[in-house]
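A.B. asks: So the sequences go chain by chain: A and B. Numbering of the first sequence is given in the numbering used here, commencing with residue 2 and proceeding in unit increments. Numbering of the second sequence is given in the numbering used here, commencing with residue 2 and proceeding in unit increments. Idealized CB from N, CA, C, for every residue including glycine. Computed from a prediction, not measured in an experiment: that's the story for all the values here. So that we are looking at the same thing, I have put the structure below in structure tokens.
2 protein chains.
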Amino acid sequence: MDKIQNFFFDNEIEKKVVGDGVERKVLAYNKDLMVCHLFFKKGAIGALHHHPHTQCTYILKGKFEFEVDGVKKVVNVGDTLIKQPDVVHGAVCLEEGELLDIFTPMRDEFV
Amino acid sequence: MDKIQNFFFDNEIEKKVVGDGVERKVLAYNKDLMVCHLFFKKGAIGALHHHPHTQCTYILKGKFEFEVDGVKKVVNVGDTLIKQPDVVHGAVCLEEGELLDIFTPMRDEFV
């Protein structure tokens, strides 16, 4: 990714289905940082997985149960999580909602 | 920062005045990634500055005019920006609003 883009306008970004009841927009990113906007229907699942990227999740709307490193907690709007590199994590959407998923470095496979 | 914390609950986090009409909550972070929640009154200013951290900003509420590397644009809810390391950037709040500021690595001076 050679181009330097500073501004990313939401209405110019496509939403893609990435799972059953889950859609994703890839927002601003460069090689070191990426922000994604996730949309979950009630009951939709982010299956347990892991990756070498450090991740932060911000709850934009709704209610989720997250599992991180074997610990499950319910989170609401404004709550945030850190997933350390390679830590197993997943989520279930308890009330239709939205998340921001933030990665360092960026996820090549998302673009 | 030796402790590994995975969950950060918004209602347990203190909001601090960090400027004239600007308040900040430091949300989830580890050494590599930090998310902050900024609250701006209409007319409040984030003065032009720069730092070696890569930064992304997500517009949560309101309307802002951002300047990045000499280019000014108006951004609204859902829009995002990347500020490359050491690039000069600043903002003026046009309608009372909120931002998420995301840094890699984390900002030691914020905690």
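Under the three-state reduction of DSSP, which class applies to Phe10 (chain A): helix, strand or coil?
C.D. replies: It is coil, neither helix nor strand.
A.B. asks: How should Ala48 (chain A) be labelled, buried or exposed, when 16 other C-beta atoms within 10 angstroms of its C-beta is the threshold for buried?
C.D. replies: Exposed is the call here.
A.B. asks: Is the separation between the beta-carbon of Gly63 (chain B) and that of Cys94 (chain B) shorter than 9 Å?
C.D. replies: Taking 9 Å as the Cβ cut-off, Gly63 (chain B) and Cys94 (chain B) qualify as a contacting pair.
A.B. asks: Given a limit of 9 Å on CB to CB distance, which residues of the stretch 44 to 77 of chain A reach chain B?
C.D. replies: The stretch 44 to 77 of chain A vs chain B, Cβ under 9 Å: Thr55, Gln56, Cys57, Thr58, Tyr59, Ile60, Leu61, Phe67, Val69, Asp70, Val72, Lys74, Val76, Asn77.
A.B. asks: Show which residues of chain B have a CB atom less than 8 Å away from the CB atom of Leu101 (chain A).
C.D. replies: The contacting residues are Tyr59, Leu101.
A.B. asks: Compute the Euclidean distance between the alpha carbons of Pro86 (chain A) and Gln56 (chain A), then round it to the nearest angstrom.
C.D. replies: Distance between the alpha carbons of Pro86 (chain A) and Gln56 (chain A): 8 Å.
A.B. asks: Where does Val23 (chain A) fall in DSSP's three states?
C.D. replies: In the structure shown, Val23 (chain A) sits in a strand (DSSP, three-state: E or B).
A.B. asks: Buried or exposed: where does His90 (chain B) fall if 16 or more other Cβ atoms within 10 Å of its Cβ makes it buried?
C.D. replies: When all chains shown are included, His90 (chain B) counts as buried.
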